[in-house]
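A.B. asks: Under our numbering, think of the first position of the sequence shown as 138, with each following residue one higher.
Here a beta-carbon is modelled for each residue, glycine too, at the ideal position from N, C-alpha and C.
Dumping the structure here so I can ask a few things about it.
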Amino acid sequence: MPAHRSRAMKEYLRRERHWLTVERLPGYAPDLNPVETLWGNIKGQELANRCAEDLAEADAAICSGMARVRGSPQLPFSFLYYARFSKAPR
138 MPAHRSRAMK
148 EYLRRERHWL
158 TVERLPGYAP
168 DLNPVETLWG
178 NIKGQELANR
188 CAEDLAEADA
198 AICSGMARVR
208 GSPQLPFSFL
218 YYARFSKAPR
């Protein structure tokens with residue numbers, strides 16, 4: 138995406154390199170993307186067997202799933218671990 142290569146982004150990455158590491162990934166690698174694991178978790182819980190009547194109902198279910206994930210001290214780190222971006226969660 139052009140936004141990922143913008144001058145502002147490059148400057149941010151240069152400024153934060155003391156703690157931030159950029160990993161170059163293949164264009165399509167869902168197994169390396171923690172967001173894909175997050176969505177899979179929400180689809181398997183809050184959205185499983187659900188046929189939302191409208192977008193508001195689907196949005197509410199997704200927000201509920203995000204709140205569940207945020208409420209767990211271990212779950213978000215498990216997505217990083219699964220994608221091999223982190224050591225095992227403590």
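1) Pull up the distance between the alpha-carbon of E194 and that of M203, whole angstroms please.
2) Do L169 and V159 count as a contact pair if the criterion is CB distance below 8 Å?
3) Once the 5 residues before and after N178 are set aside, which same chain residues still bring their CB inside 8 Å of it?
4) In the structure shown, what three-state DSSP assignment does N170 receive?
5) Tell me whether W182 sits in a helix, a strand or coil according to DSSP, three-state version.
C.D. replies: In short, the structure shows the following:
1) 14 Å
2) no
3) So the qualifying residues of the chain are G202, V206, L212, F216.
4) coil
5) Note that residue 182 is Gln in the sequence shown, not Trp. Helix, per DSSP.
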